[in-house]
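Enquirer: Sharing a structure, written as C-alpha cells. Questions coming.
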Amino acid sequence: MWRVLVKHTRLIVVWGLVFALLSVASSLFFPRQYSATSELLIISRDRTGTDPYTQARSAEKIGSNLAQVIGTTDFFNKVISSIAVFDREPWTDLNDRQQRKKWTKDVRANMLYGVSVMSVKVYSYDQAEAVNLSKAVSAVLVSQGWEYLGGDVAIKLISEPLASRWPVRPNLLLNGIVGFLAGSLLGVLWVLRYKKHNLFGG
Numbered sequence: 012m013w014r015v016l017v018k019h020t021r022l023i024v025v026w027g028l029v030f031a032l033l034s035v036a037s038s039l040f041f042p043r044q045y046s047a048t049s050e051l052l053i054i055s056r057d058r059t060g061t062d063p064y065t066q067a068r069s070a071e072k073i074g075s076n077l078a079q080v081i082g083t084t085d086f087f088n089k090v091i092s093s094i095a096v097f098d099r100e101p102w103t104d105l106n107d108r109q110q111r112k113k114w115t116k117d118v119r120a121n122m123l124y125g126v127s128v129m130s131v132k133v134y135s136y137d138q139a140e141a142v143n144l145s146k147a148v149s150a151v152l153v154s155q156g157w158e159y160l161g162g163d164v165a166i167k168l169i170s171e172p173l174a175s176r177w178p179v180r181p182n183l184l185l186n187g188i189v190g191f192l193a194g195s196l197l198g199v200l201w202v203l204r205y206k207k208h209n210l211f212g213g
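Residue numbers (the numbering used here): 12 to 213.
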C-alpha cells in the first residue's frame, strides 16, 4: 500500500491543492467579519474570611456561568435595549430563532483560568461596529451582570475592545488547510481504489 501511495504522491498533493483552492475561493463569497476582543475581571468579594485561592476559584466558576448567560435571549435584549451606540439593523429583521442563532455565533465569551478574567469576543461586518458592539456587551456585563450572579460579585472592564486588523471570518487559511486535507484524503482513497490494482495486477 505504501508503495502505491509513494508512487502517486504528486497526484495526491494535486488533489489537495485543488480542493484547497476551491475551499478558499468559495469562502470569498461569504461576508467578511472583523472581531473585537475585550477582557473583564470577575471579583468575588466574599467577606466571610474565605482564603484568596478559594475566592479566585469561585470567581472563575461565576465567570464561566456568566459566559453561558451571554448567549441567552434575556442578555441579548438587555444589549439591544441599552443606550449604547451600535448598529442594530442586522438584528431587526430576524425572528427569535434567527436572532438567537446569530447572537450566539457573533458574541462569544470564555474564562481565562488562573487569572479570573473573562474574554469576550464579538464579530461584525466592520471594525468600528465590532468595537461598538463589544462596548455595548461589556457595558451591560459591568452594569447588569450581577443580576445573573447573586452574591457579592463585581465585574470590571480591564481591557477596552480591540478590533482585529484583518477580517477573521471566513478564515481563509483554516479553510484552505481543511480543503487540502480533505482533497488529499480523497486522493489517497482514489489511489488505493483505482491504482493499486493496476500496480500489482499488471
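Backbone N, C-alpha and C define an ideal beta-carbon position, used for all residues, glycine too.
May I ask you to list the residues that DSSP assigns as paired with residue 48?
Expert: 132, 173, per the DSSP bridge assignment.
Enquirer: Would you mind working out which of 65, 140, 119 sits nearest residue 50, comparing C-alpha positions?
Expert: Out of 65, 140, 119, 119 has the C-alpha closest to the C-alpha of residue 50.
Enquirer: Check for me: the beta strand (DSSP E) holding residue 119 runs from which residue to which?
Expert: Per DSSP, residue 119 belongs to the beta strand (DSSP E) from 118 to 123.
Enquirer: If you draw a straight line from the alpha carbon of residue 25 to that of residue 134, how long is it in whole angstroms?
Expert: When rounded, the distance between both Cα atoms is 35 Å.
Enquirer: Does the count of Cβ pairs from the segment 65 to 77 and the segment 108 to 116 closer than 8 Å reach three?
Expert: No: fewer than three Cβ pairs fall under 8 Å.
Enquirer: Which same chain residues, not among the five before or five after residue 10, have their C-beta less than 8 Å away from its C-beta?
Expert: The structure shown does not extend to residue 10, since the chain spans only 12 to 213, so no value can be given for it.
Enquirer: Taking just the CA atoms, how far does residue 152 sit from residue 164?
Expert: So the two alpha carbons sit approximately 12 Å from each other.
Enquirer: Mapping the DSSP letters down to three states, classify residue 54 as helix, strand or coil.
Expert: Three-state DSSP puts residue 54 in a strand.
Enquirer: Closer than 8 Å by C-beta to residue 199: which residues in its own chain qualify, once you throw out the five before and the five after it? Chain order, please.
Expert: Closer than 8 Å at the Cβ level, and outside the excluded window around residue 199, lie 16, 23.
Enquirer: Please state the DSSP three-state secondary structure of residue 166.
Expert: Residue 166 falls in the strand class under three-state DSSP.
Enquirer: Using 8 Å as the threshold, is the C-beta distance between residue 44 and residue 179 below it?
Expert: Yes. Within cutoff.
Enquirer: For residue 53, which option in 72, 35, 41, 40 has the closest C-alpha, if you only look at C-alpha atoms?
Expert: With distances taken between Cα atoms, residue 53 lies closest to 72.
Enquirer: Quick one: is residue 43 near chain C, going by C-beta distance under 8 Å?
Expert: Of the chains in the structure shown, none is chain C; there is only one protein chain.
Enquirer: Can you grab the Cα-Cα spacing for the pair residue 70 / residue 159, in whole Å?
Expert: So the two alpha carbons sit approximately 13 Å from each other.
Enquirer: Check this for me: beta carbons of residue 47 and residue 187, under 8 Å apart or not?
Expert: Not in contact: residue 47 and residue 187 (Cβ atoms no closer than 8 Å).
Enquirer: Straight-line CA distance for residue 211 to residue 205?
Expert: Because the pLDDT of residue 211 is 48, which lies under 50, any placement of that residue in the model is unreliable, and the number read from its coordinates should be weighed accordingly. Each residue's alpha carbon lies about 11 Å from the other.
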